[in-house]
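Everything below concerns the one structure shown next.
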Amino acid sequence: MSAETTRETRAGFAAVIGAPNAGKSTLVNRLVGEKVSIVTHKVQTTRFQVRGVMMRDDSQVILVDTPGIFTPKRRLDRAMVRSAWDGADGADLILHVVDVSAWVAEAEGKISAAEKKSIIDDKRIIKDLQELGKKAILALNKVDLVRPDQLLPISAALYDEGVYSDVFMISGLKGGGVDALSEHLAKNMLPGPFLFPEDQAADMPSRLLAAEVTREKLMLRLHEELPYQLTVETENWESRKDGSIRIDQIIYVAREGHRKIILGKQGRVIREVGQKSREEMQDIFQRPVHLFTRIKISEKWAESRERFSAIGLDFDV
Ligand SMILES: Nc1nc2c(ncn2[C@@H]2O[C@H](COP(=O)(O)OP(=O)(O)OP(=O)(O)O)[C@@H](O)[C@H]2O)c(=O)[nH]1
Ligand SMILES: [Mg+2]
């Protein structure tokens, strides 16, 4: 007789949507238990759908991290917002992450411009959810920044919008409340076989992940509009006999002035960025990394159909 018992497994997709900077990627990384999506303090960090696999009990939850939903202007912005809604549309569950500290600031009449934007985006998402006709799970995030008594009226008001099935109060950064949310997600997957191998946390190709790591370090180091006007590509990836990896990357920028800023005085900026990026890649890939970065001027990188489709974005929205 076989000792094997049949496992009642569950699996499915949970799309994580929300305004830029709400904390979606931070939450996805925490739920998965490792870094699958880059995080910065700046808005519009995530540019395309990133899948992370969470295992809990006999459930597999494929979390789909999405770009923030905002009012788009450029082609890249439009494609990012479309990508977020596509993620929501195809998912079994939708998780709406809200930066609750913005709502508290509004209630107290001490709201900043960024917080105002965040609330406008949240309201827009609520309207779109109403139209979509699918109930979402509300995750009131960043509760570490507010007092519990400030949360309750906001939670009640948002629940009354009628688009949410459940509300969780969490801190993706500190971890508070995330366990209850993760349990809920796992329980609400449909019975079925796992969709990814159990030990696989992400499905992003290593070359793309390496490019994202460098883009994160650039975003953290650069100011104003520059982070939004560049992109990073891994040009070459070579596994060496000694166990190390040689990675060649190109940073595409729109103008000569941008190239100079990224270089910095005597190449200081690019050197620092490369150093940080290399260290993190070594952590992720668990092997020594030799990283070589070049900067190229390409006025048209944000108008390149090929680049969009390489990261799963729709060029024609
Ligand atoms: N205090 C606090 N900060 C948080 C929390 N979650 C995320 N953050 C911070 O919020 C900022 C944005 O986090 P991200 O995870 O990149 O947000 P995002 O929603 O993925 O942003 P986009 O990809 O730009 O749409 C970062 O500085 C995070 O450290 C939280 O629970 N508490
Ligand atoms: Mg993100």
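Just so it is clear: in the sequence shown, position 257 is 420 by the working numbering, and no numbers are missing. C-beta atoms are modelled at their ideal positions from N, C-alpha and C, and glycine is treated no differently. In this text, all values refer to a predicted model and were calculated from it rather than measured experimentally.
Determine the contact status of Gly-181 and Val-261, defining contact as a CB-CB distance below 8 angstroms.
With contacts defined as CB atoms closer than 8 angstroms, Gly-181 and Val-261 qualify as a contacting pair.
Residues bridged to Ala-177 (per DSSP)
BP columns for Ala-177 point to Leu-226 and Leu-256.
May I ask you to verify whether the stretch 376-396 touches the stretch 435-445, counting CB pairs closer than 8 angstroms and requiring at least 3?
Yes, the stretch 376-396 touches the stretch 435-445.
Less than 7 angstroms separating the Cβ of Lys-198 from some heavy atom of ligand 1?
No, the Cβ of Lys-198 stays beyond 7 angstroms of every heavy atom of ligand 1.
Per the DSSP calculation, Met-217 is bridged to which residue(s)?
The partner list for Met-217 (beta bridge, DSSP) reads Val-224.
Please list the terminal residues of the continuous alpha helix (DSSP H) segment that includes Ala-374.
Where Ala-374 is concerned, the enclosing alpha helix (DSSP H) stretches over 369-384.
Which residues DSSP lists as bridging Ile-414, in chain order:
Answer is Val-395 and Ile-458, bridged to Ile-414.
With a floor of 4 residues, list each alpha helix (DSSP H) that falls wholly inside the stretch 250-298, ordered by position along the chain.
With a minimum length of 4 residues, the continuous alpha helix (DSSP H) runs that stay inside the stretch 250-298 are 263-270 and 276-295.
Continuous alpha helix (DSSP H) stretch holding Val-191: start and end:
Start and end: 187-195.
Helix, strand or coil: which one does DSSP assign to Arg-409?
Residue state, collapsed to three classes: strand.
Would the C-beta of Ser-264 count as close to ligand 2, meaning under 7 angstroms from any of its heavy atoms?
Because no heavy atom of ligand 2 lies under 7 angstroms away, the Cβ of Ser-264 does not count as near it: no.
Of the listed residues Gly-175, Leu-321, Gly-325 and Gly-250, nearest to Val-294 (C-alpha basis)
The residue you asked about is not Val; residue 294 is Glu in the sequence shown. Nearest of Gly-175, Leu-321, Gly-325 and Gly-250 to Glu-294, Cα basis: Gly-325.
Closer than 7 angstroms by C-beta to Ala-254: which residues in its own chain qualify, once you throw out the five before and the five after it? Chain order, please.
Excluding the 5 residues flanking it on each side, Ala-254 has same chain C-beta neighbours closer than 7 angstroms at Phe-176, Ala-177, Ala-178 and Val-227, in chain order.
Identify, in the order they occur along the chain, each residue of the same chain with its Cβ nearer than 7 angstroms to the Cβ of Glu-171, setting aside the five sequence neighbours on each side.
Closer than 7 angstroms at the Cβ level, and outside the excluded window around Glu-171, lie Asp-221 and Pro-354.
Using 8 angstroms as the threshold, is the C-beta distance between Arg-457 and Ile-413 below it?
For the pair Arg-457 and Ile-413, the CB atoms are nearer than the 8 angstroms cut-off.
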